[in-house]
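First up is the structure itself, then whatever we jot down about it.
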Amino acid sequence: MDLLWLSPVYASPNEDNGYDISDYCAIHPDFGTMDDMDRLIAEAKKRGMGILMDLVINHTSTAHPWFQASRNPESPYRNYYFWRKGGKNGKLPNNWTGFFGGNCWEYDERSGEYYLHLFAPHQPDLNYYEPKVLEEIKKILRFWLDKGIAGFRCDVINILWKDSLDSSPKKLILTGSEHYLSREGTHQILRELREIFDEYNAYTVGETVFVSTQMAWDLCAPERRELHTVFGFEHMECDQTIVKWFKKPHKWGKFMETLARWQKDLPWNTIYLENHDQPRSIPRFGSEKYPVESGKLLATLLFTLKGTPYVYQGQEIGMLDFDFTSMAQVRDVESINVHGLLKSFHIPAALRWKIIRATSRDNARTPMQWSARPGAGFTTGTPWLGINGNHKRINVESQKNDPHSLRSWYKTLIALRKESETLLWGEFELLAATDTLCAYRRTYDGETLTVILNCCDAMQTVDYTGDLLLSSYGGKSFSGTLLPWEAVILRGEENE
Ligand code: GLC
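So for the sequence shown, the numbering used here puts the first residue at 4; every next one is plus one.
See below:
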């Protein structure tokens, strides 16, 4: 079944693009009404598709009525969040540092205490020591599953349970994370929630931070009855030094080896190269000189690995990073926080900007480019984030009827992926992972598909053999030479 994953569309003050929910059972008016949502679910169903909702249950918005009530120390909701007294002279309850940089505690005048927030201050963490919290979450799950959605993408799901709130030895990033990363308490919560998912035959994919393949498997091995699949980050971290803010050049060898390790270690999982938290894939892993060609190569990688492929909006037409020029255009709370932190460390303005420009989540959050018209066919109003100037060149309309467009290549690959049992079920074997050439083989029921990716601006000759099934340049036969960023799929008998 094809699924359409919606980023959060719930009622929210939108301090973190909807990942700060103020009512889990209401639709944000910017996106429409509950009637629109019901219609979307029904129309998707008619087309054999399911809707995947974002489930953000590590934290709520401070605007959520639970949080507002919990500010009163006498309230029955007090325990829904982590409230703690500070020490003398403004000492915080612990020394943890958060995902968006800085400490994890915010003082609330009304309570006279601090509350824990692993993300922004308006995203207070829910306290799963209070059994009522899980009961509330279960009601929310049923609310949406009863409406007929197909499942959930579960936001930062491996950090729900905090073993303790003790201070920790200082780390460069996420001091304190050993108290909440993939703890047994989280596994228990997931097993409880799984009972509900199973009742509805619902699918789950967990966004899981800092997981090894073993930790990922512990979250989605079928017999453990927790999640179905997870989004790991390891392949997305190959071009960073310790934190994502400090980039190093992308190297295909390491990237492919990392993907291959996940392919080997897990019998099934997700495959993704883009999402709303990552810069666009073409400037990152491909070539500025060959954007369409490298976009086609990346698409080939996405659909020929083993697992469930995810395409992020605009990826299929080759949308590029936002062409913004100053912090005034940035809306991403993480970028704004980190920019402030870099400033407090006296990092010069030009370097600060370079860092934000390369890593900001806003790079991939600009409105969808439907056409070359003003507003990119997305809006006649003013969108929350600027529209990329390149929409005149890169848009759905111009690619729709062009058989050589990136969008058409995605359609070709999706069709192939649907009909090929080898791509669906085949064993994966890595053949080459250098910084300019990657190759792997998928084998199933006597058939072998060899995927060769020429990951550079030059031509290359290889000695893999087989009948040409597909070339991203549209060639009909394969001589052994690949054009810049060409991707080919060869078919052969097993052990040929
Ligand atoms: C996840 C989301 C991200 C959000 C964060 C806090 O990482 O993908 O967009 O900011 O969780 O909810």
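Yeah, the Cβ is synthetic: ideal placement off N, Cα and C, and Gly gets one too.
{"Check": "Tell me whether Y22 counts as near the ligand GLC, meaning its Cβ is closer than 7 angstroms to at least one heavy atom of that ligand.", "Outcome": "yes"}
{"Check": "Would you check if the distance between the CB atom of S363 and the CB atom of D335 is smaller than 8 angstroms?", "Outcome": "yes"}
{"Check": "Taking only the alpha-carbon atoms, compute the straight-line gap between I417 and T207 and give it to the nearest angstrom.", "Outcome": "22 angstroms"}
{"Check": "For Y3, does the three-state DSSP call read helix, strand or coil?", "Outcome": "The chain is shown only over 4 to 499; residue 3 falls outside these bounds and no answer can be derived."}
{"Check": "Count the other CB atoms within 10 Å of the CB of S480; is the residue buried (16 or more) or exposed (fewer)?", "Outcome": "exposed"}
{"Check": "At a cut of 8 angstroms, does the region 48–64 reach the region 108–128 through at least three beta carbon pairs?", "Outcome": "yes"}
{"Check": "Counting pairs of beta carbons, one from the region 31–51 and one from the region 133–151, are three or more of them closer than 8 angstroms?", "Outcome": "yes"}
{"Check": "Could you check the C-alpha separation between G260 and Y275 for me, to the nearest Å?", "Outcome": "The sequence shown places Glu at residue 260, rather than the Gly named in the question. Computed Cα separation, rounded: 15 angstroms."}
{"Check": "Would you call the CB atoms of P79 and R87 closer than 8 angstroms?", "Outcome": "no"}
{"Check": "DSSP three-state call for V312: helix, strand or coil?", "Outcome": "Sequence check: residue 312 is Pro here, not Val. Strand, per DSSP."}
{"Check": "Keeping to the same chain, check which residues put their C-beta closer than 8 angstroms to that of T311; ignore five residues upstream and five downstream.", "Outcome": "V208, T232, W271, N272, T273, I274"}
{"Check": "Taking only three categories from DSSP, how would you classify S338?", "Outcome": "helix"}
{"Check": "Going by other Cβ atoms of all chains shown within 10 Å of its Cβ, with 16 needed for buried, is E499 buried or exposed?", "Outcome": "The pLDDT assigned to E499 is 49, lower than 50, so where the model puts this residue is not dependable; a value taken from the coordinates is nonetheless given after this. Result: exposed."}
{"Check": "Within the present structure, is the beta-carbon of V517 separated from the nearest heavy atom of the ligand GLC by less than 7 angstroms?", "Outcome": "Outside the displayed span of the chain (4 to 499) sits residue 517, for which this structure offers no information."}
{"Check": "Here's the rule: buried if 16 or more other CB atoms are within 10 angstroms of the residue's CB, otherwise exposed. What is Q402?", "Outcome": "buried"}
{"Check": "Quick check: what's the CA-CA separation for S180 versus I245?", "Outcome": "15 angstroms"}
{"Check": "Any heavy atom of the ligand GLC closer than 7 angstroms to the Cβ of F85?", "Outcome": "no"}
{"Check": "Per DSSP, A435 forms a beta bridge with which residues?", "Outcome": "A442"}
{"Check": "At which residues does the alpha helix (DSSP H) containing Y413 begin and terminate?", "Outcome": "409–422"}
{"Check": "Give me the Cβ distance between A442 and L456, rounded to the nearest whole Å; I'm assuming they're in contact under 8 angstroms.", "Outcome": "7 angstroms"}
{"Check": "Considering T18, what are the terminal residues of the beta strand (DSSP E) in which it resides?", "Outcome": "The amino acid at residue 18 is misidentified as Thr; the sequence shows Glu. From DSSP, E18 is part of no beta strand (DSSP E); its letter is neither H nor E."}
{"Check": "Out of W255, A353, E277, which has the shortest C-alpha to C-alpha gap to C458?", "Outcome": "W255"}
{"Check": "Verify the contact flag: H2, CB atom, against every heavy atom of the ligand GLC, threshold strictly below 7 angstroms.", "Outcome": "Because residue 2 is not part of the residues shown, which for the chain are 4 to 499, the question remains open."}
{"Check": "Where T446 and F431 are concerned, what is the direct C-alpha to C-alpha distance, given to the nearest angstrom?", "Outcome": "7 angstroms"}
{"Check": "In terms of residue numbering, what span does the beta strand (DSSP E) encompassing M37 cover?", "Outcome": "Careful: M37 lies outside any beta strand (DSSP E), inside the alpha helix (DSSP H) at 37–49."}
{"Check": "Output the residue ranges of the alpha helix (DSSP H) runs that lie fully inside the region 269–295 and measure 4 residues or longer, sorted by chain position.", "Outcome": "284–288"}
{"Check": "Give me the Cα-Cα distance between F236 and D23, rounded to the nearest whole angstrom.", "Outcome": "22 angstroms"}
{"Check": "Would you check whether the ligand GLC has a heavy atom nearer than 7 angstroms to the C-beta of H67?", "Outcome": "no"}
{"Check": "Look at the Cβ atom of W108, then the Cβ atom of L121, and state whether they are nearer than 8 angstroms.", "Outcome": "no"}
{"Check": "Quick one: what's got a C-beta closer than 8 angstroms to N106's C-beta in the same chain, skipping five residues either side?", "Outcome": "L95, N98, W99, T100"}
{"Check": "How close, in whole Å, do the beta carbons of E133 and N82 come, if the pair is a contact with beta carbons under 8 angstroms?", "Outcome": "4 angstroms"}
{"Check": "May I ask you to report which of helix, strand or coil DSSP gives E499?", "Outcome": "For E499, the predicted model reports a pLDDT of 49, less than 50, meaning its position is unreliable; a value from the coordinates is still stated below. The answer is coil: DSSP assigns E499 none of H, G, I, E or B."}
{"Check": "Which residues in the same chain as F103 place their Cβ atom closer than 8 angstroms to its Cβ, once the five residues preceding and following it in sequence are excluded?", "Outcome": "F122, A123, V336, E337, N340, V341"}
{"Check": "Which of the three DSSP states, helix, strand or coil, is assigned to I199?", "Outcome": "helix"}
{"Check": "Sorted by chain position, which residues of the same chain lie with C-beta nearer than 6 angstroms to E319's C-beta, five sequence neighbours on each side aside?", "Outcome": "R410, Y413"}
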